[in-house]
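Asker: Residue numbers (our numbering), protein chains in the order written: chain A, 19 to 401; chain B, 27 to 548. We put the CB at the ideal spot given by N, CA and C, even for glycine. Since the model is a prediction, treat every value here as computed from it, not as a measurement.
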Amino acid sequence: MDTTYIFLQHYWWFLVSLLGALLVFLLFVQGGQTLIYSIGKTDDERTVVINVLGRKWEFTFTTLVTFGGAFFASFPLFYSTSFGGAYWVWMAILIFFVIQAVSYEFRAKANNLLGKKTYETFLFLNGMLGTILLGTAVATFFTGSMFSVDKMNLTNLGGNVVISGWETPYHGLEAVLNPVNVALGLAVFFLSRILGSLYFINSVENSNITKRAKKQLWYNTIPFLVFFLFFLVAILLRDGFAVNPDTGQVDMESYKYFNNFIQMPIVLIVFLAGVLLVLYGVGRSLFTNWAKGIWFAGIGTVLTVLGLLLNVGYNNTSYYPSTYDLQGSLTIFNSSSSKFTLMVMSYVSILVPFVLAYIVYAWRVMNKKKISIDEIKNDSHAY
Amino acid sequence: MIDSILTSSVVEWSRLQFALTAIFHWFFVPLTLGLSFMIAIMETIYVKTGNEFWKRVTKFWMTIFGINFAIGVATGIILEFEFGTNWSNYSWFVGDIFGAPLAIEGILAFFMESTFIAIMFFGWNKLSKRMHLSASWLTAFGANISALWILVANGWMQYPAGMRFNPDTARNEMANFWEVLFSPVAINKFFHTVTSAYVLAAIAVIGISAWFLLKKREKEFAKKSIIIAATFGLFSSAALLWTGDGSAYQVAQKQPMKLAAMEGLYEGKTSAGLSVIGMITPGKEYNDGKDDYVFNLHIPGFLSFLGYRDFNAFVPGINNLIEGGYEYTDENGQKQIAIPVQEKIERGRFSIAALAEYKEAKEKGDEAAAADARRRLEADFKYFGYGYLSNPTDIIPHVPLTFYSFRIMVGLGIFFILVFILALWAAFKQKLENKRWMLYVFLWSIPLVYIASQCGWIVAELGRQPWAIQDLMPTVAAVSRIDAGAVMTTFFLFFALFTILLIAEIKILLTQIKKGPKIENS
Chain A
19 MDTTYIFLQH YWWFLVSLLG ALLVFLLFVQ GGQTLIYSIG KTDDERTVVI NVLGRKWEFT
79 FTTLVTFGGA FFASFPLFYS TSFGGAYWVW MAILIFFVIQ AVSYEFRAKA NNLLGKKTYE
139 TFLFLNGMLG TILLGTAVAT FFTGSMFSVD KMNLTNLGGN VVISGWETPY HGLEAVLNPV
199 NVALGLAVFF LSRILGSLYF INSVENSNIT KRAKKQLWYN TIPFLVFFLF FLVAILLRDG
259 FAVNPDTGQV DMESYKYFNN FIQMPIVLIV FLAGVLLVLY GVGRSLFTNW AKGIWFAGIG
319 TVLTVLGLLL NVGYNNTSYY PSTYDLQGSL TIFNSSSSKF TLMVMSYVSI LVPFVLAYIV
379 YAWRVMNKKK ISIDEIKNDS HAY
Chain B
27 MIDSILTSSV VEWSRLQFAL TAIFHWFFVP LTLGLSFMIA IMETIYVKTG NEFWKRVTKF
87 WMTIFGINFA IGVATGIILE FEFGTNWSNY SWFVGDIFGA PLAIEGILAF FMESTFIAIM
147 FFGWNKLSKR MHLSASWLTA FGANISALWI LVANGWMQYP AGMRFNPDTA RNEMANFWEV
207 LFSPVAINKF FHTVTSAYVL AAIAVIGISA WFLLKKREKE FAKKSIIIAA TFGLFSSAAL
267 LWTGDGSAYQ VAQKQPMKLA AMEGLYEGKT SAGLSVIGMI TPGKEYNDGK DDYVFNLHIP
327 GFLSFLGYRD FNAFVPGINN LIEGGYEYTD ENGQKQIAIP VQEKIERGRF SIAALAEYKE
387 AKEKGDEAAA ADARRRLEAD FKYFGYGYLS NPTDIIPHVP LTFYSFRIMV GLGIFFILVF
447 ILALWAAFKQ KLENKRWMLY VFLWSIPLVY IASQCGWIVA ELGRQPWAIQ DLMPTVAAVS
507 RIDAGAVMTT FFLFFALFTI LLIAEIKILL TQIKKGPKIE NS
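1) CA-CA distance, residue 76(A) and residue 63(A)?
2) What are the residues in the stretch 69–88 of chain A lying within 7 Å of chain B by C-beta distance?
3) Buried or exposed: which applies to residue 177(B), given that a residue is buried once 16 or more other Cβ atoms fall within 10 Å of its Cβ?
4) Using a Cβ-Cβ cut-off of 6 Å (strictly less than) and excluding sequence neighbours within five positions of residue 407(B), which residues of its own chain qualify?
5) Kindly indicate which three-state DSSP category residue 101(A) falls into: helix, strand or coil?
6) Kindly confirm or deny that the stretch 184–194 of chain A and the stretch 117–137 of chain A touch, where touching means at least three C-beta pairs closer than 8 Å.
7) In angstroms, rounded to a whole number, what distance separates the CA positions of residue 313(A) and residue 125(B)?
8) Between residue 476(B) and chain A, is the shortest Cβ-Cβ distance under 8 Å, so that the two count as touching?
9) To the nearest angstrom, how far is it from the Cα of residue 32(A) to the Cα of residue 324(A)?
10) To which residues of the same chain is residue 483(B) closer than 8 Å at the C-beta, ignoring the five residues directly before and after it?
11) What would DSSP say about residue 122(B), mapped onto helix, strand or coil?
12) Which class does residue 150(B) belong to by DSSP, given the choice of helix, strand or coil?
13) Keeping to the same chain, check which residues put their C-beta closer than 7 Å to that of residue 41(B); ignore five residues upstream and five downstream.
14) Taking the beta strand (DSSP E) that residue 361(B) belongs to, which residues open and close that run?
15) Can you tell which of 45(A), 43(A), 34(A) and 67(A) has the C-alpha that lies nearest to the C-alpha of residue 395(A)?
16) Given a cut-off of 8 Å on the beta-carbon distance, is the pair residue 112(B) and residue 179(A) in contact?
17) Which residues of chain A have a Cβ atom closer than 7 Å to the Cβ of residue 130(B), listed in chain order?
18) Under three-state DSSP, which class holds residue 27(B)?
19) Determine the contact status of residue 385(B) and residue 146(A), defining contact as a CB-CB distance below 8 Å.
20) Do the stretch 389–397 of chain B and the stretch 459–467 of chain B make contact, defined as three or more Cβ pairs closer than 8 Å?
21) Here's the rule: buried if 16 or more other CB atoms are within 10 angstroms of the residue's CB, otherwise exposed. What is residue 475(B)?
22) Provide the residue(s) that pair with residue 269(A) in DSSP beta bridges, ordered along the chain.
23) Using only the alpha-carbon positions, how far apart do residue 238(B) and residue 244(B) sit?
24) CB residue 209(A) to CB residue 303(A), shorter than 8 Å?
25) Do you know offhand how far residue 244(A)'s Cα is from residue 201(A)'s?
26) Indicate the three-state DSSP secondary structure (helix, strand or coil) for residue 439(B) in the structure shown.
27) Mind listing the chain A neighbours of residue 147(B)? Cutoff is C-beta to C-beta under 8 Å, in chain order.
28) According to DSSP, simplified to helix, strand and coil, what is residue 301(A)?
29) So for residue 324(B), helix, strand or coil by DSSP?
30) Counting only beta-carbon separations shorter than 8 Å, does residue 159(B) have a partner in chain A?
31) Give me the Cβ distance between residue 45(A) and residue 80(A), rounded to the nearest whole Å; I'm assuming they're in contact under 8 Å.
32) Quick one: what does DSSP say residue 494(B) is sitting in, helix, strand or coil?
33) Quick one: grab the DSSP three-state call for residue 190(A).
34) Rounded to a whole number of angstroms, what is the C-alpha to C-alpha distance between residue 74(A) and residue 144(B)?
35) Once the 5 residues before and after residue 397(A) are set aside, which same chain residues still bring their CB inside 6 Å of it?
36) Assuming residue 356(A) contacts residue 200(B) (C-beta within less than 8 Å), just tell me the rounded distance between them.
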């Protein structure tokens, strides 16, 4: 037992989970994009709504890219198995992010070929399908997928030399047939709209927009709770994919994810604290004129997602199970990079706090006071 | 032709898709890399002099930058994930080394770029002048640092260093991070690529400014922009030339087949000449007895000098590389006789078979047999990738495309040096406005610089086929297990989407340029 290696595998699962958790929080941009028409009723209002989102979209995008890069570097077998197998899901997600990246910059520019409405539709599609698909894909961490892995295929000259294969012709699309997966997708979608509304309340100086954002909080909190609770109850009650730490053998275990919470009380506390913070952030914003809800619900989102991802990765659990070949399931042990690479990457990760520090600094400078319609009108670079 | 494309295999579709997305990405990135520095220089002049003129100049070029940046980001995300979606075997086989630069790129560079770009665009009234200027510089550094990491990754594919194969995990694992980062190929590639991007951006600024002079608009702005861009471009060209020479030398040492393809050289020779202008025999194939060239104007001995720093050195051609038997100096400075590719293929297959035996012996717990298999695996590991090839001729890249792309790249690169010198001379002599032919040359240099830049990548990437990782994994073994039809579908999706976005981008850019910086009438 190489305890340093085991520690590093846990450390990198933590970092990847943290990036994933931050990503879900930052999906407030996507949620906000689906609310452009519900919250902005005039041209000016829509413009201010789009511009406050437009100053943050790159954070979300960069976090998604970094999440991908970090996952690749630390758990390359996941990268090769999931991306190469669930081809359609990942390609769809990518395409919905490609159309977002140009939309802010192109939308209001003269001669933009497709017209303002099209770019706004791109933003809407990214907000809706980007979030639902990401949530659905992550839910398969709990529910499993149909794939096989055999590293010795490399030596299979003249035959199939590819080590990972997807064993259904739908290449990832089959995930939407499982209601538990879809429930998480919809929960992420409604959560992103909640966070988007809270972000508008926090950053826009306009009473109409604040009023409408509050209304949206109501509309989205209820479906969010329904889908989230459905997903949560479903995974807590279902059998989970347990790994025997000595042999690496994967077996089904009753109430595995429930047991994980009980056996890892810190993870449970992180998760519960997250849920409570989200509820507090939303609740207080609903009933008072408080504008800081985004911070509480945002940090709450990070903790909740972190709790879920640590649950599925730690405590001898397979984080990417195969329902086709149980023994092909991926764990943080059998899918990680070498000890040396994880160590090198860990040195690099020392710089993460500095990165976070300048992001916080930049955010504070840019959001010192709320943004009004006038400010956007006088901004030469407004979207 | 269309028939043969539509029935292509998954490898060919995956290569086409990667090429398509990379080409689109590279339409936008180089301008961003170079323009970000020129913007930072312009803003520095503004902060130093307090002259509002320079703020306008800065803001105009920033608008151009922003439009380009967005679509660069949009086309970039695909590339990163394509390693997983389309090259899944590759992702496992070398992910332990290749993933790290991508992750570091995200953590160190992308966040820097995306954080400070927001300040650069929207922070004019929110921060002091100096803080804003710092943000502009940090955006430029962020963009260029991201280029460093992705080019380290690319350099590693061309010349795998700092790793060893682990038979227990059936993959290559990093053994020395510094050898990966400071691999001479990676470093040279970084400087060659970013300086080519600076040249591209400089030509774009000069060309656009020339258009204003032709229209007799915004003359002050245009002339000052030309001076900054031509100076920046000339320095960059010097570095580009230097690293280009380094690149040729490295290719000769590490990827001799690429060099032979660049020169269309089938039969190797001592004192080999560098072809300046030439036409290779159409339809020429390995061992078909045709001449290499229809005509060929060359500088005698120069190819030998570029590749081996010796005018008399022997440069192996495609025939020699396939048949072996010539003498060369290996990495340790020892004289060796090259072995034929057929033998490399056989030894690659031995190595692959030894891996299978190793695994089997391990499962049986037969340590002695495992050790023996491992020894055989390692003995021939440097030919591992050859084992996946069917024919020795599989190692020949597309010769005409590599040959002509190389000539276009180098020829235009030298032409741009003349453009920079001409621009600076004319600026110095106050003759920028009245030489209209010259302004037209500047303007028409813009499409040329994009062609040159793409040709550079064609030489680098097409010239190294069939390798995904030089000598260790050909593309046929690197690809994912998906249907060709699936990749064909996404290929056409990206093609349609990116083409539409490119047209939109060009229309927006032209409109913004026509609007101008609005300095004259203010």
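Answerer: Working from what's here:
1) Along the first sequence, one-based indexing puts residue 76(A) at 58. Along the first sequence, one-based indexing puts residue 63(A) at 45. Straight through space, the alpha carbons of residue 63(A) and residue 76(A) are spaced by roughly 22 Å.
2) Flagged, chain order: 73, 76, 77, 79, 80, 83, 84, 86, 87 and 88.
3) On the second sequence, residue 177(B) is found 151 positions in, with the first residue counted as 1. Here residue 177(B) is buried. Its C-beta has 16 or more other C-beta atoms within 10 Å.
4) Counting from 1 along the second sequence, the entry for residue 407(B) is found at position 381. If we look at residue 407(B) and ignore the five residues flanking it on each side, its Cβ neighbours are 191 and 377.
5) Locating residue 101(A) in the first sequence gives position 83, where the first residue counts as 1. It is helical.
6) Cβ pair count under 8 Å is below three, so no.
7) Along the first sequence, read from residue 1 onward, the residue named residue 313(A) stands at position 295. Along the second sequence, read from residue 1 onward, the residue named residue 125(B) stands at position 99. About 33 Å.
8) One-based indexing of the second sequence puts residue 476(B) at position 450. Chain A, which has no Cβ nearer than 8 Å to the Cβ of residue 476(B), makes this no.
9) As a working note, residue 32(A) is residue 14 in the first sequence. As a working note, residue 324(A) is residue 306 in the first sequence. Using only the alpha carbons, I get a separation of about 8 Å.
10) Position 457 of the second sequence, counted from the first residue, corresponds to residue 483(B). Excluding the 5 residues flanking it on each side, residue 483(B) has same chain C-beta neighbours closer than 8 Å at 48, 49 and 52, in chain order.
11) Indexing the second sequence from 1 puts residue 122(B) at position 96. In the structure shown, residue 122(B) sits in a helix (DSSP, three-state: H, G or I).
12) Reading the second sequence from its first residue, position 124 is the one you call residue 150(B). Note: residue 150(B) maps to coil in three-state DSSP.
13) Residue numbering aside, residue 41(B) sits at position 15 when the second sequence is read from its first letter. Sequence-distant partners of residue 41(B) (beyond 5 residues in either direction) whose C-beta falls short of 7 Å from its own C-beta, in its chain, are 501.
14) Locating residue 361(B) in the second sequence gives position 335, counting from the first residue. First-last of the beta strand (DSSP E) with residue 361(B): 361–363.
15) To locate residue 395(A), count along the first sequence from 1; it is residue 377. Among 45(A), 43(A), 34(A) and 67(A), the Cα nearest to that of residue 395(A) belongs to 67(A).
16) Translated into the one-based positions of the second sequence, residue 112(B) becomes position 86. Translated into the one-based positions of the first sequence, residue 179(A) becomes position 161. Cβ atoms of residue 112(B) and residue 179(A): not closer than 8 Å.
17) Taking the first residue of the second sequence as position 1, residue 130(B) is located at position 104. Chain A residues near residue 130(B): 366.
18) Along the second sequence, one-based indexing puts residue 27(B) at 1. For residue 27(B), the pLDDT reaches just 46, beneath the cut-off of 50, and the residue's location in the model is therefore unreliable, although a value from the coordinates is still provided. In the structure shown, residue 27(B) sits in coil (DSSP, three-state: anything other than H, G, I, E or B).
19) Residue numbering aside, residue 385(B) sits at position 359 when the second sequence is read from its first letter. Residue numbering aside, residue 146(A) sits at position 128 when the first sequence is read from its first letter. No, the pair does not count as a contact, with Cβ atoms beyond the cut-off.
20) Between the stretch 389–397 of chain B and the stretch 459–467 of chain B there are fewer than three inter-stretch CB-CB distances shorter than 8 Å, so the stretches are not counted as touching.
21) Numbered from 1 along the second sequence, position 449 holds the residue referred to as residue 475(B). With 16 or more other Cβ atoms within 10 Å, it is buried.
22) Within the first sequence, the letter at position 251 stands for residue 269(A). BP columns for residue 269(A) point to 260(A).
23) Residue numbering aside, residue 238(B) sits at position 212 when the second sequence is read from its first letter. Residue numbering aside, residue 244(B) sits at position 218 when the second sequence is read from its first letter. So the alpha carbons of these two residues sit roughly 6 Å apart.
24) For the purposes of this step, residue 209(A) is identified with residue 191 of the first sequence, where counting begins at 1. For the purposes of this step, residue 303(A) is identified with residue 285 of the first sequence, where counting begins at 1. Not closer than 8 Å, so no.
25) Start at 1 with the first residue of the first sequence, and residue 244(A) comes out as number 226. Start at 1 with the first residue of the first sequence, and residue 201(A) comes out as number 183. So the alpha carbons of these two residues sit roughly 9 Å apart.
26) Position 413 of the second sequence, counted from the first residue, corresponds to residue 439(B). Three-state DSSP puts residue 439(B) in a helix.
27) Residue mapping note: residue 147(B) aligns to position 121 of the second sequence, counting from 1. Going along chain A in sequence order, the residues near residue 147(B) (Cβ under 8 Å) are 399.
28) Taking the first residue of the first sequence as position 1, residue 301(A) is located at position 283. Reduced to three states, the DSSP call for residue 301(A) is helix.
29) In the second sequence, the residue the question calls residue 324(B) occupies position 298. Strand, per DSSP.
30) Sequence index remark: in the second sequence, residue 159(B) carries index 133 (1-based). Not one chain A Cβ lies under 8 Å of residue 159(B).
31) Looking up residue 45(A) in the first sequence gives position 27. Looking up residue 80(A) in the first sequence gives position 62. That pair is no contact at about 13 Å.
32) Here residue 494(B) refers to the residue found at position 468 of the second sequence. When secondary structure is reduced to three states using DSSP, residue 494(B) falls in the strand class.
33) Position 172 of the first sequence, counted from the start, is the residue given in the question as residue 190(A). Coil.
34) The count along the first sequence starts at 1 and reaches residue 74(A) at position 56. The count along the second sequence starts at 1 and reaches residue 144(B) at position 118. If I take the Cα positions, the gap works out to 8 Å.
35) Translated into positions along the first sequence, residue 397(A) becomes position 379. Within the same chain, no Cβ atom closer than 6 Å to the Cβ of residue 397(A) is found once the five residues on either side in sequence are excluded.
36) Residue numbering aside, residue 356(A) sits at position 338 when the first sequence is read from its first letter. Residue numbering aside, residue 200(B) sits at position 174 when the second sequence is read from its first letter. With 8 Å as the limit, residue 356(A) and residue 200(B) qualify as a contact, their Cβ atoms being about 6 Å apart.
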